[in-house]
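Just below is one structure, and these are the notes that go with it.
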Amino acid sequence: MSFTRQEQAQAILAGKARRMASAVLGRQATTGSDFREALTVERIYLISEVRDDEALRALGRSI
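Structural data, given as structure tokens:
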């Protein structure tokens with residue numbers, strides 16, 4: 003199973019990254035290395051999916 007970078011960014015921002023990473027791996031994603039292995043999204047894709055300034059600031063504080 004694979005997802006586009008845009009789909010990955012949307013899942014991360016919606017708090018659904020664990021479910022997506024687990025689907026890609028075929029097992030429960032639990033560690034940072036699991037997420038690095040499963041998700042290929044880059045920060046620029048995350049930023050491009052943020053629609054308002056406050057959400058962008060919140061994202062900046064969390065990464």
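Using this note's numbering, the letters of the sequence shown correspond one by one to residues 3 to 65.
Cβ coordinates follow ideal geometry from the N, Cα and C atoms, glycine included.
A quick note: this is a predicted structure, and the numbers were derived from the prediction, not measured.
Same chain, Cβ closer than 8 Å to residue i, neighbours up to 5 away in sequence not counted
i: THR42; result: ARG7, GLN10
i: GLU51; result: GLN8, ALA11, GLN12, LEU15
Residue i, enclosing alpha helix (DSSP H) - first and last residue
i: ARG21; result: 19 to 27
i: ALA40; result: 34 to 40
C-beta atoms of residue i and residue j nearer than 8 Å
i: ALA115; j: SER24; result: Nothing can be reported for residue 115, as the shown portion of the chain is limited to 3 through 65.
i: GLU36; j: LEU48; result: The amino acid at residue 36 is misidentified as Glu; the sequence shows Asp. Cβ atoms of ASP36 and LEU48: not closer than 8 Å.
When the options are compared against residue i, the one with the closest alpha-carbon
i: THR33; options: ARG59, PHE5, ARG20; result: ARG20
i: ILE46; options: GLU39, LEU58, ALA40, ARG38; result: LEU58
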